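Residue numbers (the numbering used here), protein chains in the order written: chain A, 1 to 208; chain B, 1 to 208; chain C, 1 to 208; chain D, 1 to 208. Report on the following structure.
4 protein chains.
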Amino acid sequence: MKGVLITGFEPLDGGANPSWEAIGLVPGVRTALLPCAFGGTLEHLRAAVAEHDPAVVVCVGQAGGRPDVTVERVAVNLDDACIPDRAGHRPIDEPVVRGGPAAYFSTLPVKACVAAARAVGVPASVSQSAGTFLCNHLFYGLMHLIATERPAVRGGFVHVPFSPEQVLGEASPSMPVAMVAQALTAIATTAVSVSLGGDLRLVGGSLH
Amino acid sequence: MKGVLITGFEPLDGGANPSWEAIGLVPGVRTALLPCAFGGTLEHLRAAVAEHDPAVVVCVGQAGGRPDVTVERVAVNLDDACIPDRAGHRPIDEPVVRGGPAAYFSTLPVKACVAAARAVGVPASVSQSAGTFLCNHLFYGLMHLIATERPAVRGGFVHVPFSPEQVLGEASPSMPVAMVAQALTAIATTAVSVSLGGDLRLVGGSLH
Amino acid sequence: MKGVLITGFEPLDGGANPSWEAIGLVPGVRTALLPCAFGGTLEHLRAAVAEHDPAVVVCVGQAGGRPDVTVERVAVNLDDACIPDRAGHRPIDEPVVRGGPAAYFSTLPVKACVAAARAVGVPASVSQSAGTFLCNHLFYGLMHLIATERPAVRGGFVHVPFSPEQVLGEASPSMPVAMVAQALTAIATTAVSVSLGGDLRLVGGSLH
Amino acid sequence: MKGVLITGFEPLDGGANPSWEAIGLVPGVRTALLPCAFGGTLEHLRAAVAEHDPAVVVCVGQAGGRPDVTVERVAVNLDDACIPDRAGHRPIDEPVVRGGPAAYFSTLPVKACVAAARAVGVPASVSQSAGTFLCNHLFYGLMHLIATERPAVRGGFVHVPFSPEQVLGEASPSMPVAMVAQALTAIATTAVSVSLGGDLRLVGGSLH
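Structure, rendered in structure tokens:
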């Protein structure tokens, strides 16, 4: 999978880091670990893109509580943090990029990516919101970087569930790290080979 | 509440119409009933706006399963229907407005609207996605109309829960119509008196 | 509604007490307020039953997070507290009554009670577990009292949702106190007029 | 694991059978496949117990929608089917065993079983209700058989989540079959070595 950069976050609370572990199991891709902070994440992303010069960038974060792998569709120009980041920063209703457009759509073929994950046995779906915290911040920053400086790059964001170890006694949905890695491998492969214009016309919207 | 237009949808399936009933209980506003179809809804909205010449437009729809009143933050330029509309139409991955921007933010003071609903005793929160079905279609169409033709108008979208009558035996969250009307009254009043720039800086984002 | 005693709990945490308020709105019944503690609740119940000599006893508690009124079917002989009660007591895996049977079924006509609540417009269902905390403790204690000393009395337990005031900003299901009272009135009326043997044969079980 | 019999159900709808597959991966135990029907399941269970003469019987069923492995605590003497079984039979409010006690507690050390599953990395918890369908029917029938004819046998019931293959596009929690098998192995090992009297005093109750 030449030309794919996958990024993961360091843990928000200093604990486990299953999304980073999952990324490490995807064969043949470049990876970058990003800080869990509004200040710094986008600079690290820019540096990683400059270093690896990828054709496809897939940023990955954890959406604890979701039962399946979700391919995000849209990044919004909004930081609205309901908890502080690792640096204690907590922006409310600020733009990610002052003067940027309200939103960017993923340029990954989201339906084909979902279908590819399912084809390798991993439950997956399209998500219509990446929230307004660090994951959306990174997603928007990536798409703005692509739009303004790297128009040939395809980019998008994928949310992954808790690992079983994180929720042993919590009755919360989870997914083994190896299974997450299978989904990410299928998604990365699809992102390299299918353009957004060639995306599958599959059902995948939300009523609300 | 001079100058407020509130719209509701006709029922998707010909059954009950609690959001329309709720709108009818909001004092001192103009109302319009819109068809539950991708073809036609925006034309009806345009006609209602032309007729009433409002200062504020609040479109209302039902988000069955949500437990509280949700003030939507962002409309995306995407129709992706997971079920057919009343006319049997089911667009997949098509823009609401060809060539329109990826998204518009609500120009209602969403945090102040949420606070106003809570202040009258109704659970409420900000929502980061209005889905990709008719509600988002209408919301995007409204914001595009405002952006391109009616820049002085403030507009946004509010989702309301099932009514109790709709889910008597389904163990699903619901809210009485009169209570929904109280929230909508508080939201409309707030939308008239508070500008987006004067919105409250309250916690209200989503982690993912 | 001659001969009906309805009991409510004092708040666990000293805060609001919507179930007690709801009980106060049920016309023509006797009520008793019970302490939120493993030690004391059953003594208070016994005293209230002795004082009022009711034909029907309906104990009521709050099941925060449930969206509808639930008529409990079975009380089990088990105290297993996941949090301390108001007195700081936290029994783990102890019987409610040493030597008592494993469980008692409600002697209210649970299906007819559910149907009666729905008939007055309140979502309701049968629940197969009242948990292992104070509500089940009281429910089991009531049924044991009836079985051993008051065989002519009908008894059961009803769980009610959060009130809206308790969850204004929490995106949790809720139900207005007046609506809860309507359901309790319908349930009490049904419990007086319909015997367990005359219960309706309606669908109301759980798959698991 | 000498002396352990684990039973699984045939699929309710003729589809996949992950719980049966999982059981097949538990080393060193005897297994039996039971029909998904109120008429017949208990006869098959009795025959399997007679054939294998086990010291421990663990019956396993699927609880689709639950995110973790749940060790059931109590079986109730009630068949109340909300859907028909495979034979089209749908009992409503009938006893499993006419004249039997209202309930039996599991004689597995449920807290120790939960702890054992977590210790091998599988999310698990105690459940206070096995429903009123076939799983509870089998669980009650097992405990009644033990109580009346096989007092030396320990028995209980474990519910397992959907497999990923069953919910690829449904955004429902799931767990890989191999992981379920790990939990069942840990539970069976614990059930052999720890008596009910020696169960761990761990938190594991439910508020309601």
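By construction, the Cβ of each residue, glycine as well, lies at the ideal position given by its N, Cα and C atoms. This structure is a prediction, so every number in the text was calculated from the model and none was measured.
First and last residue of the uninterrupted alpha helix (DSSP H) at residue i
| i | result |
| --- | --- |
| residue 138 of chain B | 134-149 |
| residue 6 of chain C | Taken as a continuous stretch (DSSP letters only), residue 6 of chain C belongs to no alpha helix (DSSP H), being part of the beta strand (DSSP E) at 4-9. |
| residue 16 of chain A | First-last for residue 16 of chain A: undefined, no H or E at that position. |
| residue 187 of chain C | 177-193 |
Extent of the continuous beta strand (DSSP E) to which residue i belongs
| i | result |
| --- | --- |
| residue 32 of chain A | 30-34 |
| residue 163 of chain D | It is not in any beta strand (DSSP E) - residue 163 of chain D carries neither H nor E in the DSSP assignment. |
| residue 87 of chain A | Neither: residue 87 of chain A is in no beta strand (DSSP E) and is coded neither H nor E. |
| residue 125 of chain B | 124-127 |
DSSP-derived helix/strand/coil call for residue i
| i | result |
| --- | --- |
| residue 57 of chain D | strand |
| residue 208 of chain B | coil |
| residue 112 of chain A | helix |
| residue 169 of chain C | coil |
| residue 103 of chain B | strand |
| residue 118 of chain D | helix |
| residue 158 of chain B | strand |
Cβ of residue i within 8 Å of any chain F Cβ
| i | result |
| --- | --- |
| residue 121 of chain A | Absent from the structure: chain F. Protein chains present are A, B, C and D. |
Chain-ordered neighbours of residue i on chain C, where CB pairs are closer than 9 Å
| i | result |
| --- | --- |
| residue 183 of chain D | Within 9 Å Cβ-Cβ: nothing; residue 183 of chain D doesn't reach chain C, min ~17 Å. |
| residue 86 of chain D | Within 9 Å Cβ-Cβ: nothing; residue 86 of chain D doesn't reach chain C, min ~14 Å. |
| residue 131 of chain D | 128, 205, 206, 207 and 208 |
| residue 13 of chain D | Ordered by position in chain C, no residue passes the 9 Å Cβ test against residue 13 of chain D, which lies about 13 Å from the chain. |
Contact list for residue i against chain A, beta-carbon separation under 8 Å
| i | result |
| --- | --- |
| residue 168 of chain D | 118, 121, 122, 123 and 124 |
| residue 171 of chain D | 66, 67, 68, 123 and 125 |
| residue 32 of chain B | Ordered by position in chain A, no residue passes the 8 Å Cβ test against residue 32 of chain B, which lies about 20 Å from the chain. |
Interface residues of chain B facing residue i [CB-CB closer than 8 Å]
| i | result |
| --- | --- |
| residue 165 of chain C | 121 |
| residue 74 of chain A | 76, 78, 102 and 103 |
Partner residues on chain A for residue i, Cβ-Cβ distance less than 9 Å
| i | result |
| --- | --- |
| residue 109 of chain D | The contacting residues do not exist; residue 109 of chain D stays about 17 Å from chain A at best. |
| residue 159 of chain B | 208 |
Interface residues of chain C facing residue i [CB-CB closer than 8 Å]
| i | result |
| --- | --- |
| residue 140 of chain D | Residues of chain C passing the Cβ test: none, with the nearest at roughly 11 Å. |
| residue 176 of chain B | 176 and 179 |
| residue 63 of chain D | 207 and 208 |
Under 7 Å from the C-beta of residue i: neighbouring residues of chain A
| i | result |
| --- | --- |
| residue 105 of chain B | 102 |
Beta-carbon neighbours of residue i, restricted to chain B and to distances below 9 Å
| i | result |
| --- | --- |
| residue 92 of chain A | 111, 201, 202, 203, 204 and 205 |
Within chain C, partners of residue i - CB distance below 7 Å
| i | result |
| --- | --- |
| residue 81 of chain D | 205 |
Interface partners of residue i on chain D, CB under 9 Å
| i | result |
| --- | --- |
| residue 135 of chain C | 207 and 208 |
| field | Any 3 or more C-beta pairs closer than 8 Å across the region 124-131 of chain D and the region 125-144 of chain C | value | yes
| query | Touch check for the region 59-72 of chain C and the region 105-125 of chain C: three-plus C-beta pairs under 8 Å? | reply | yes
| field | Every unbroken beta strand (DSSP E) inside the region 38-83 of chain A [3 residues or more] | value | 56-62, 69-72 and 74-76
| request: For the region 89-97 of chain C and the region 188-203 of chain C, state whether three or more C-beta atom pairs, one from each stretch, are separated by less than 8 Å. | output: no
| request: Tell me, please, whether the region 159-179 of chain C touches the region 75-87 of chain C by the rule of three or more beta-carbon pairs shorter than 8 Å. | output: Pairwise C-beta distances place the region 159-179 of chain C out of contact with the region 75-87 of chain C, as fewer than three of them are shorter than 8 Å.
| query | Does the region 172-192 of chain A come close enough to the region 46-66 of chain A to have 3 or more Cβ pairs within less than 8 Å? | reply | The count of Cβ pairs closer than 8 Å, one atom from the region 172-192 of chain A and one from the region 46-66 of chain A, reaches three, so the stretches are in contact.
| Is there contact between the region 138-149 of chain C and the region 33-48 of chain C, where contact requires at least three CB pairs shorter than 8 Å? | Yes, they touch.
| query | Does the region 170-188 of chain C come within contact of the region 18-30 of chain C, defined as at least 3 CB pairs closer than 8 Å? | reply | yes
| How do the region 1-12 of chain C and the region 164-173 of chain B stand: do at least 3 beta-carbon pairs fall below 8 Å, yes or no? | no
| said: If contact is defined by three or more beta carbon pairs under 8 Å, each pair taking one atom from either stretch, is the region 101-109 of chain A in contact with the region 176-183 of chain B? | reply: Three or more beta-carbon pairs separated by less than 8 Å are not found between the region 176-183 of chain B and the region 101-109 of chain A, which leaves the two stretches without contact.
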